[in-house]
Each structure stands twice: as C-alpha cells, then as structure tokens.
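Chains A and B, in that order, give the protein sequences.
Read in my numbering, the first sequence has 678 at position 210, and its numbers run on one by one without any break.
Read in my numbering, the second sequence has 704 at position 14, and its numbers run on one by one without any break.
Every residue, glycine too, gets a C-beta built ideally from N, C-alpha and C.
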Amino acid sequence: MCGIFCSINSTEHRPPTAQVKHLLAARGPDALQELRVTIAGTAFVTLCSTVLSLRGSTTTEQPYTRPPHSTSALCWNGEAWAVMGERPRGSDTGCVYDLLQSALDHETLDASANIALASAQALSRALSQLAGPYAFVFYHEPSATISFGRDFLGRRSLLYRRTREGSLLLSSAPDASSNVTWAEVEADGIYSIHLQSRASDIRRNDEAVWGDFLVEKVPYTYAVEPSDDLDSVGIPRGGP
Amino acid sequence: MLARLSHDMLPITESIDLLNVGFENPRAHKSVGSGAFELCPDRITGRASYAELCEVCPGRAWRFIAVDIPFAEFQEHRHQIITLMHPHNTEMDLSIASALYFAARGAGNLSSQLHPNPINYVTTARVLLSGLGADELFAGYTRHATAYKRKGFEGLLDELDLDVARLGKRNLGRDDRVISHWGKEARFPFLDEAIVQWALRTPITEKCDFSHCTGPLDDKNSCGLIEPGKKVLRCLAWELGMCKVAKERKRAVSYAWPPLVKSIDTL
C-alpha cells in the first residue's frame, strides 16, 4: 500500500531518514517523490510519498498536485470506494483531491477565525461522504494548513513523532530505535495545523500543542441512521 | 466465507490463493519434525475449508498455500516485525503481527488440484482479504457466549457495544504496517461501512442465536447443528453450500495459531 511521510519544522526542511524512506518504498514500490513547501518565516514542510498502484491504468504519482491551477498537495493512502455514493473511475487520488480542495476553498475565514479548527471541520464534513479505508496528509496552499487523519476504523497506519527540536513528523512506517519512538495518530477525527501560527504565539499549553505547532482536532461522531446529505456513509459523521 | 463469496464475483479463470500460516513451536515440534505444521488445528481447518471450496466451487483454480515458518526463520525476521509493529510491543502483538507478516509475504508450499504434491510457491496477489471484524459484529468470540451465559442479552449487548467502540482502536494500523511492508494491500470486507452500519442496525437475535441450544438432532444435516456465535454468517455459509464451514466450532486459542487470510490474484 502507499506510504506517507510529512515533516513540519520551524527552521529548516527535514527529509525522511534513510530507514523511513526504505520502509515507505517497500509499501509503495511503484513510485517515490518528495515535495517541499516553505511558508515564509514560520514553517518548512517536506512531504514524501510512495505509491502502490492498484487502480487505474497508470500510476498516479504522489504527493498529488494539480499545477498550474493548484499547488495544494495530497498524500493519500487509502481506497475511496465511494464518494457521495459514486465509485471513482480509475485512481481515486484525483477525486479525493478535488473533494478536500473544494471543501477548503469554499470555507470563508475571517481574520479572527481559528483557521485550523475551521479547516478540520470542513474536511471532516467532506470525508463523511467518503466510504473506505484511509490515512492522509493534505496541504492546502490558500489557507496554509496541513490536515491529516485516519478513517474511523483506523484501517491504515499513520504515526507521529515530536522531536526535541520541535519538529512534527508523520509517517506510515516508523524508524523506531531505542531513542526514537512514535505514537499512533488516533483514528478519532481530523487534525489540522495552521502553518502561519506558532503554538507559542497563541499561548495554549494543552495537548493540542505538538512541538512548535498547534494541532486542532475535530472528532468523529457516529450517526447510525443515514441523513439526507450523506449518500454513502451513515457512519462516521464528522464535526459538531 | 470471503473465499466463497469471491468465487461468485470473480471471472472463473481467476485463481484464488488461500494463505494459511503455521509457526514451529521449538518445544513441541522436536519429536514430530516438519510434519508438525500439519497438526496445527487451524491448518487442519484450513485444509478442510479448501477441500470444501474445491467441492462446492468446481472449475475455480483454488490454491492452498501452507506458509510454514520454522523457528529459525521467525528469529531472522523478528527484529523487522518488532520495528514495523512499533509502538505496539507486547508478545501478543508480536504473535499476531508475525502471522500477518508471513501471510503477506505469501511464500509457502502450494497444493492445488493441478499440483497435489506440494511445490514451493510465492503468491503474486497484491490484494489480501481478511475476515477481521466478523467476530466483533456478529458475536463470534467465546467471550460473547460467556457474556450471554452470565448476564443474558444485556451482558451480550454490553460486550458487543464495547467491541464496536473498540474497532477504531483495534490495532489495524499495526496490521497495516506488517502487511503493507510486502507491497500488498489488506482489505477487510466485514469492516465496510455498509456492513458495519447494517450490523449495528440489525437486532441481536438476527445476528447470533444464544437463546437456542445446539445439540445433536435426528437429522445430522439439519442446520440446528450450527453454533450460535455469528450464526447469521454460518447460516449464509450453509445456504452457499459450505455446510462443514458453517458447523466449524470457534476455537478458544485463536491467536496461538493465526486465522486464514485469503488473497486474490488480480482484481
């Protein structure tokens, strides 16, 4: 299956270690690509994806972007069996990209809004229309947010690490050793970070602070009866 | 069940590989030698299921792949498995992760109707189907029967509520890491959103049948012999012609020897 790596650091780009790269390539032998994004002054993001191609006639490379219109980037380790009741034709990556991008593009944010929280809510609503297993990382360029999460049953791996230097790392596979430990990203909701904010600026000292960054979470909730606007999935239902 | 249903969905020219993993227990296998793998209860069940599939679904190239892991080979891979399953780190985790790891590698001794004498074989399938989730949704574990015995339907429902709530924390990330390491994808049909939704909405009495006793009846072909745990699935197996599978008892030690994992050649 596909492999995902993402590092977010406040001073420099942090590529995946050789061991992580090797493990990701084992998961996704069909393609490997790295993408770097710099948010002036506040964040350096490295995304690295490997792909195991199972659907469609060609390999869809990741991180998935759509130049020149959009430089938002998606790392998708999942299968969208249905989006709003319809099965995507061929590879689902482009379809999921459109779903997430339009959810955030349509989100109007004023200056005082908690951009990370609003992003997580919008993506949560969008993903409740998707049936299938997933772990993903999505960089949305217009809002300068990174969002990530796993499906509500946690069918795909995603781990995180906070380094001593304040980096946040996300990875499908761990380069664990005696002094490097990872934790599971809980499969309990959608997480978002606003890259232009620093945790220290916002003065929060709670479990939302991961290294130098503030991570907002919108938890999944369950609705057993499908509502009218959820064609494909009765559970989960994201957001308040 | 998944193998039986796959047969109905795939073109008849597609082969279906059945992967069954056995580990050498260095203490128990000393006197029996390499034949010990065949004595493992889940290996016996696995071969019986394979035989029934060949009988009920003729024309399909079923391949039974016996993945036999000697202790020395397990030791060679142990560190890699421990790295992959991190942050999980218990012996139980290692036991389950190892089974899935070697199943996903898919290298073993192949028997098929074309090759009744086993030959070395590595599956080319990239997609693996696992039945994980069926026991949680349809009350297939022994502890469900125990819960019913102790506290009736209320006890059983409480136990099932816990199981469903725990599905999201059920270590599937760990399983994904050890399986995907081989460039394969695991799929869990019982965890499909529509199935989970249906199971949650369906009354308990339509999924399992603890209120009725099973016991020998005069007609040995009667489905009254089907045990109550996940009875809806057993009845389905019965209707699809898999009567022996339908009657197979749930084993208490299901993690000492790994469950059957199936794979499909191309999808």
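| Asked | Found |
| --- | --- |
| Chain B contact for A:R630 (CB, 8 Å cutoff) | no |
| Contacts of A:R624 in chain B (Cβ-Cβ under 9 Å) | L862, G863, D866 and S870 |
| A:A494 versus A:T479, A:E502 and A:G471, residue with shortest Cα-Cα distance | A:G471 |
| Any C-beta of chain B under 8 Å from that of A:M469 | yes |
| CB contact below 8 Å: B:G873 versus chain A | yes |
| For B:G749 and A:Q589, the rounded distance between their alpha carbons | 51 Å |
| Contact under 8 Å by Cβ, A:G524 with A:G496 | no |
| Cross-chain neighbours of B:H776 in chain A, by beta carbon under 7 Å | P642, A644 and W650 |
| CB contact below 8 Å: A:P719 versus chain B | What the structure shows of chain A is the stretch from 469 to 708, and residue 719 of chain A is not part of that stretch, so it cannot be assessed. |
| C-beta neighbour in chain A for B:C812, strict 8 Å | In the sequence under discussion, the amino acid at residue 812 of chain B is Val, which differs from the Cys named in the question. By this cut-off, B:V812 is not an interface position. |
| Neighbour list for A:A494 in chain B, Cβ cutoff strictly below 9 Å | S870, H871, W872 and G873 |
| Burial state of B:T735 (16 or more Cβ within 10 Å) | buried |
| Whether A:A548 touches A:V519 by CB criterion (8 Å) | no |
| Bridge-paired residues (DSSP) for A:R504 | A:T514 |
| Contact between the region 637-645 of chain A and the region 478-494 of chain A (3+ Cβ pairs under 8 Å) | yes |
| Own chain residues within Cβ distance below 6 Å of B:I869, not counting five before or after | L790, A794 and A876 |
| For B:R939, the three-state DSSP class (helix, strand or coil) | coil |
| Any C-beta of chain E under 8 Å from that of A:A599 | Among the protein chains of the structure shown, namely A and B, there is no chain E. |
| Interface residues of the region 875-905 of chain B facing chain A [CB-CB below 9 Å] | E875, A876, R877, F878, L881, D882, E883, A884, V886, Q887, L890 and R891 |
| Assumed close pair A:S719, A:S660 - CB separation to whole angstroms, cut-off 8 Å | This structure leaves residue 719 of chain A out entirely; chain A is present only between 469 and 708. |
| Residues, ordered as in the chain, of the region 827-850 of chain B that lie near chain A by beta-carbon distance below 8 Å | none |
| Own chain, CB closer than 6 Å to A:L585, minus 5 neighbours either side, in chain order | E684 |
| Terminal residues of the alpha helix (DSSP H) in which B:K921 lies | K921 to E929 |
| Option in A:D674, A:A667, A:E675 and A:Y688 with minimal Cα separation from A:F681 | A:A667 |
| Counterpart residues of B:W872 in DSSP-defined beta bridges | Answer is none; B:W872 lacks a bridge partner. |
| C-beta contact flag for A:A550 and A:A599 at 8 Å | yes |
| Proximal chain B residues relative to A:L520, where beta-carbon distance stays under 9 Å | R816, S870, G873, K874 and E875 |
| B:D899 to B:F843 span [Cα, whole Å] | 10 Å |
| Range of the contiguous beta strand (DSSP E) that encloses A:S645 | It is not in any beta strand (DSSP E) - A:S645 carries neither H nor E in the DSSP assignment. |
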